[in-house]
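Basically my numbering = 1-based index in the sequence shown + 623. We put the CB at the ideal spot given by N, CA and C, even for glycine.
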Amino acid sequence: MATSTTLAKTEDHTAVTHAARIEHVSKSFGGPAGGQLVLDDITLDVAPGEFVTLLGASGCGKSTLLNLVAGLDRPSAGSIETPGGRPALMFQEHALFPWLTAGKNIELALRLRGVPKAERRGETERLLELVRLGGSYDKRVHELSGGMRQRVALARALAQDSDLLLMDEPFAALDAITRDVLHDELTRIWRETKLSVLFVTHNVREAVRLAERVVLLSSRPGRIAHEWTIDIPQPRRIEDADVAELSLEITEHLRGEIRRHGQH
Numbered sequence: 624m625a626t627s628t629t630l631a632k633t634e635d636h637t638a639v640t641h642a643a644r645i646e647h648v649s650k651s652f653g654g655p656a657g658g659q660l661v662l663d664d665i666t667l668d669v670a671p672g673e674f675v676t677l678l679g680a681s682g683c684g685k686s687t688l689l690n691l692v693a694g695l696d697r698p699s700a701g702s703i704e705t706p707g708g709r710p711a712l713m714f715q716e717h718a719l720f721p722w723l724t725a726g727k728n729i730e731l732a733l734r735l736r737g738v739p740k741a742e743r744r745g746e747t748e749r750l751l752e753l754v755r756l757g758g759s760y761d762k763r764v765h766e767l768s769g770g771m772r773q774r775v776a777l778a779r780a781l782a783q784d785s786d787l788l789l790m791d792e793p794f795a796a797l798d799a800i801t802r803d804v805l806h807d808e809l810t811r812i813w814r815e816t817k818l819s820v821l822f823v824t825h826n827v828r829e830a831v832r833l834a835e836r837v838v839l840l841s842s843r844p845g846r847i848a849h850e851w852t853i854d855i856p857q858p859r860r861i862e863d864a865d866v867a868e869l870s871l872e873i874t875e876h877l878r879g880e881i882r883r884h885g886q887h
């Protein structure tokens with residue numbers, strides 16, 4: 624089967640019906656004799672402005688799928704289209720350059736995007752304000768808390784001016800209170816910017832707290848096992864009764880997938 628990844632910017636934005644289109648994508652690693660099938664026949668659309676979470680047990684291929692959408696790797700079969708151009712990507716680790724200030728880390732992304740030097744400082748200040756780090760332009764990375772570093776990493780991702788933001792467990796290493804605050808911030812920024820977001824997590828409550836749609840992947844190989852549309856109004860709290868109830872239902876499906884995998 625032919626494989627392709629299309630990242631070209633679509634000229635007629637009125638014709639764009641999806642921020643990402645994943646069609647019959649499979650991914651194997653290793654040679655033909657000892658190859659391991661990691662993803663099997665994944666078909667998934669992310670609509671413009673939609674927030675989708677990918678959920679599944681460790682090793683189910685969530686991050687692999689995100690890397691394929693980001694264009695960091697190619698599928699073994701199937702096709703991926705991102706009509707808005709190359710997506711922005713935010714990892715679990717902030718990956719900031721420690722020898723640069725918070726502002727200069729963001730400016731680097733603007734420079735790579737081709738933003739003129741005269742405009743970079745102002746745009747950087749705007750992005751810092753957006754993630755509620757106004758006045759932090761000159762702070763060094765070691766002066767920032769873990770939550771602040773992830774805010775800078777988010778601002779740097781937003782500086783890429785992509786229509787699609789890919790997030791690979793960006794809050795997993797943070798304490799519960801900081802993570803909850805950043806959930807609020809991410810929800811606010813998503814609603815303000817109307818970005819499309821594809822968010823990988825293994826935390827069921829986080830998935831329900833943030834997303835409009837939750838997609839559960841089965842284990843080894845990753846296949847779409849179930850989807851939920853989240854009708855709970857935003858803003859949500861992770862301790863809300865509706866969030867807890869749906870999280871319990873999804874957790875049961877996740878446990879079933881883990882048990883099913885364990886039986887083979």
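*asked:* Taking 8 Å as the threshold (C-beta atoms), are Leu789 and Ala711 in contact?
replied: In the sequence shown, counting from the first residue as 1, residue 711 sits at position 88. In the sequence shown, counting from the first residue as 1, residue 789 sits at position 166. Note that the C-beta distance between Ala711 and Leu789 is below 8 Å.
*Taking His825 as the reference, give the member of Leu877, Val754 and Thr724 with the closest Cα.*
Walking along the sequence shown from the start, residue 825 turns up at place 202. The residue with the shortest Cα to Cα distance from His825 is Leu877.
*Would Gly707 pass as a contact of Leu781 if the rule is Cβ separation under 8 Å?*
Along the sequence shown, one-based indexing puts residue 707 at 84. Along the sequence shown, one-based indexing puts residue 781 at 158. No, they are not a contact pair.
*Inter-residue spacing [alpha-carbon to alpha-carbon] between Leu869 and His806*: Position 246 of the sequence shown holds residue 869. Position 183 of the sequence shown holds residue 806. Their backbone Cα atoms lie some 18 Å apart in a straight line.
_Counting beta carbon pairs with one atom in the segment 835 to 842 and one in the segment 643 to 652, are three or more of them shorter than 8 Å?_
Cβ pair count under 8 Å is below three, so no.
*asked:* Nearest by alpha-carbon distance to Thr747: which of Leu678, Asn728 and His765 is it?
replied: To locate residue 747, count along the sequence shown from 1; it is residue 124. Distances from the alpha-carbon of Thr747 to those of Leu678, Asn728 and His765 put Asn728 closest.
_According to DSSP, is Glu766 part of a helix, a strand, or is it coil?_
Here residue 766 corresponds to residue number 143 of the sequence shown, with the count starting at 1. It is helical.
_C-beta atoms of Lys685 and Val827 nearer than 8 Å_ = Counted from its first residue, the sequence shown places residue 685 at position 62. Counted from its first residue, the sequence shown places residue 827 at position 204. In this structure, Val827 does not lie closer than 8 Å to Lys685 by Cβ.
*CA-CA distance, Ser841 and Glu829?*
Translated into positions along the sequence shown, residue 841 becomes position 218. Translated into positions along the sequence shown, residue 829 becomes position 206. Across the structure, Ser841 and Glu829 are spaced so that their CA atoms are roughly 18 Å apart.
*asked:* Give me, in chain order, the residues of the same chain whose beta-carbon lies closer than 7 Å to that of Asp635; leave out the 5 immediate sequence neighbours on both sides.
replied: The residue given as residue 635 occupies position 12 in the sequence shown. With a pLDDT of 44 at Asp635, under the threshold of 50, the modelled position of that residue is not reliable, and no figure is offered here.
*Determine the direct distance from the alpha carbon of Ile812 to that of Lys632, and round the result to whole angstroms.*
To locate residue 632, count along the sequence shown from 1; it is residue 9. To locate residue 812, count along the sequence shown from 1; it is residue 189. Caution is warranted here: a pLDDT of 43 is assigned to Lys632, below 50, making its placement in the model unreliable, and the coordinate value is therefore given only provisionally. Between Lys632 and Ile812, the C-alpha separation is close to 23 Å.
*Specify whether the segment 664 to 682 and the segment 766 to 785 touch according to this definition: at least 3 beta carbon pairs, one from each stretch, less than 8 Å apart.*
Counting Cβ pairs under 8 Å, fewer than three are found: no touch.
*Quick one: Cα of Pro698 to Cα of Thr705, how far?*
Numbered from its first residue, the sequence shown carries residue 698 at position 75. Numbered from its first residue, the sequence shown carries residue 705 at position 82. Between the alpha carbons of Pro698 and Thr705 lies a distance of about 14 Å.
_Neighbour-count burial assignment, Glu673, 16 or more Cβ in a 10 Å radius_ = Reading the sequence shown from its first residue, position 50 is the one you call residue 673. For Glu673, the number of other beta carbons within 10 angstroms of its own is at least 16, and it is reported as buried.
*asked:* I need the straight-line Cα distance from Arg743 to Gln773, nearest angstrom please.
replied: Counting from one through the sequence shown, the residue named residue 743 turns up at place 120. Counting from one through the sequence shown, the residue named residue 773 turns up at place 150. In a straight line, the C-alpha of Arg743 is about 20 Å away from that of Gln773.
*Look at the Cβ atom of Ala642, then the Cβ atom of Val669, and state whether they are nearer than 8 Å.*
Position 19 of the sequence shown holds residue 642. Position 46 of the sequence shown holds residue 669. Yes, the pair counts as a contact, with Cβ atoms nearer than the cut-off.
*asked:* Since Gly726 and Leu751 should fall inside the 8 Å C-beta cutoff, what is the C-beta to C-beta distance between them, to a whole number of angstroms?
replied: Residue 726 sits at position 103 when you count from the first residue of the sequence shown. Residue 751 sits at position 128 when you count from the first residue of the sequence shown. Taking 8 Å as the upper bound for CB-CB distance, Gly726 and Leu751 are in contact here, some 7 Å apart.
*Span of the alpha helix (DSSP H) around Thr687*: Residue numbering aside, residue 687 sits at position 64 when the sequence shown is read from its first letter. It spans Lys685 to Ala693 - the alpha helix (DSSP H) in which Thr687 sits, taken as one unbroken run.
_Alpha carbons only, please: which of Thr810, Ala718 and Leu797 is nearest the one belonging to Val754?_
What you label residue 754 is simply residue 131 of the sequence shown in a count that begins at 1. Comparing Cα-Cα distances from Val754 to each of Thr810, Ala718 and Leu797, the minimum goes to Thr810.
*asked:* Just to confirm before moving on: does the CB-CB distance between Leu688 and Gly845 stay below 8 Å?
replied: For this step, residue 688 is matched to residue 65 along the sequence shown. For this step, residue 845 is matched to residue 222 along the sequence shown. Yes.
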